[in-house]
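Below: one structure, written as structure tokens.
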Amino acid sequence: MTIYYASLFFILGICLGSFFNVLIYRIPKNERFINGRSYCPKCETKLSALDLIPIFSYLALRGKCRYCSIKISIRYPLIELLTGLLFLASFVYFDLSFELIRSLVFISLLIIITFIDLDHMIIPHSLTIFGIAFFFSWHLFFNIGQLPTYVLGLIIGFFSLAIFVFFGAMGGGDAMLAAMFGMYFGISRTFVTLMLSFIIGGVFSIIVLLLRKRSRKEKVPFGPFLTLSALLMLFFDYFFLAFYGLQ
Ligand SMILES: [Zn+2]
16 MTIYYASLFF
26 ILGICLGSFF
36 NVLIYRIPKN
46 ERFINGRSYC
56 PKCETKLSAL
66 DLIPIFSYLA
76 LRGKCRYCSI
86 KISIRYPLIE
96 LLTGLLFLAS
106 FVYFDLSFEL
116 IRSLVFISLL
126 IIITFIDLDH
136 MIIPHSLTIF
146 GIAFFFSWHL
156 FFNIGQLPTY
166 VLGLIIGFFS
176 LAIFVFFGAM
186 GGGDAMLAAM
196 FGMYFGISRT
206 FVTLMLSFII
216 GGVFSIIVLL
226 LRKRSRKEKV
236 PFGPFLTLSA
246 LLMLFFDYFF
256 LAFYGLQ
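For the sequence shown, the positions run 16 to 262 when our numbering is used.
The following block contains the structure:
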């Protein structure tokens, strides 16, 4: 039975990942993403149902558009696979529970936000505000006694990064993402997540400077470091909380 559910969540993940690819492409362009079939960005041919099967259509077409043969980025199937694997990991970690549903919403938002940030150096407020509202309502319905912890987490998350936004080192979207972490994780987990993001971001910057692949002035989005830390916190929370003596 476990195998059955595990495959179910993996398949759900790759299908949703395919939808996230559309959102990542369309949200920054303010295109309508609910209506309208997916189309090839080059020849603008509407894709058939066959072209929309995640991962397999990419493999079957050998990474090329069926109509104009333009190369399709390998990122599309990789995002589908990543979503599938993270959904599977979430099922393994949380089993069938309310917590599983909450984590799947969180993971979905993280994937969409991170790849938009990598492409455009922005984190749309619509996504973080949706996340904050969703998790706030969640606590309101299922966990009202703990609500103050999460509201405080949101405030601490936001203002921890707002300092960096003030000095121009980060964007307002990063602070909003940290606020969303606060609403999802509560105070101590948010604190550790932000610490981790500074460590990972710092190590990355040092390596890049040593390799001199980018000039010092070129900006690196901070969202991916925040996301990576949040995923580590999601699945290895006991390890990291113990490390900081918070549990
Ligand atoms: Zn095409």
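Each residue gets a CB set at the ideal place from its N, CA and C atoms; glycine is no exception.
Complete alpha helix (DSSP H) runs within the segment 37 to 75 (minimum length 4 residues, chain order)
Listed in chain order, they are 71 to 75.
Are Tyr-165 and Met-191 close, meaning C-beta to C-beta below 8 Å?
Taking the first residue of the sequence shown as position 1, residue 165 is located at position 150. Taking the first residue of the sequence shown as position 1, residue 191 is located at position 176. Annotated as distal: Tyr-165 and Met-191, with beta-carbon spacing of 8 Å or more.
In whole angstroms, what is the alpha-carbon distance linking Phe-258 and Ile-147?
Within the sequence shown, numbered from 1, the residue matching residue 258 stands at position 243. Within the sequence shown, numbered from 1, the residue matching residue 147 stands at position 132. If you take the alpha carbons of Phe-258 and Ile-147, they lie about 27 Å apart.
Mind reading off the beta-carbon distance from Phe-255 to Leu-243? Whole number of angstroms is fine, and I expect it under 8 Å.
Here the question's residue 255 lines up with position 240 in the sequence shown. Here the question's residue 243 lines up with position 228 in the sequence shown. So it is not a contact: roughly 13 Å between Cβ atoms.
Do Tyr-91 and Asn-36 come within 8 Å of each other at the CB atom, strictly closer than that value?
Mapped onto the sequence shown, residue 36 falls at position 21. Mapped onto the sequence shown, residue 91 falls at position 76. Yes; because the gap between Cβ atoms is below 8 Å, this pair is in contact.
Is the Cβ-Cβ distance between Ala-194 and Phe-181 less than 8 Å?
By 1-based counting over the sequence shown, the position of residue 194 is 179. By 1-based counting over the sequence shown, the position of residue 181 is 166. Their beta carbons are not under 8 Å apart, which means Ala-194 does not touch Phe-181 by this criterion.
Using only Cβ atoms and a threshold of 6 Å, which residues come within that distance of a heavy atom of ligand 1? Order them by chain position.
Here the residues come out as Cys-55, Lys-57, Cys-58, Thr-60, Cys-80, Tyr-82, Cys-83 and Ile-85.
Pull up the CB-CB distance for Gly-186 and Ile-137, whole angstroms please, since I reckon it's below 8 Å.
As a working mapping, residue 186 is identified with position 171 in the sequence shown. As a working mapping, residue 137 is identified with position 122 in the sequence shown. About 7 Å; that satisfies the 8 Å criterion.
How many angstroms separate the CA atom of Asp-189 from the CA atom of Asp-110?
Looking up residue 189 in the sequence shown gives position 174. Looking up residue 110 in the sequence shown gives position 95. C-alpha of Asp-189 to C-alpha of Asp-110: approximately 31 Å in a straight line.
Would you grab the beta carbon distance between Ile-70 and Lys-79 for me? Rounded to a whole angstrom, and I think it's under 8 Å.
Within the sequence shown, residue 70 is the residue found at index 55, counting from 1. Within the sequence shown, residue 79 is the residue found at index 64, counting from 1. With a Cβ gap of about 15 Å, Ile-70 and Lys-79 do not count as contacting.
Under 8 Å between the Cβ atoms of Pro-239 and Leu-96?
The sequence position of residue 239 within the sequence shown is 224, counting from 1. The sequence position of residue 96 within the sequence shown is 81, counting from 1. Going by C-beta atoms, Pro-239 is not nearer than 8 Å to Leu-96.
Can you pull the DSSP bridge partners for Lys-79?
Within the sequence shown, residue 79 is the residue found at index 64, counting from 1. When beta bridges are read from the DSSP output, Lys-79 appears opposite Lys-86.
Would you be able to state if there are at least three C-beta pairs under 8 Å between the segment 116 to 125 and the segment 212 to 229?
Fewer than three beta-carbon pairs drawn from the segment 212 to 229 and the segment 116 to 125 are found closer than 8 Å, and the two stretches are therefore not classed as touching.
Distance between Ile-85 and Pro-56 (C-alpha atoms, nearest Å):
Walking along the sequence shown from the start, residue 56 turns up at place 41. Walking along the sequence shown from the start, residue 85 turns up at place 70. Each residue's Cα considered, the two are about 9 Å apart.
Straight-line Cα distance separating Leu-100 from Ile-68
Stepping through the sequence shown from its first residue, residue 68 is reached at position 53. Stepping through the sequence shown from its first residue, residue 100 is reached at position 85. Straight-line measurement puts the Cα of Leu-100 at about 17 Å from the Cα of Ile-68.
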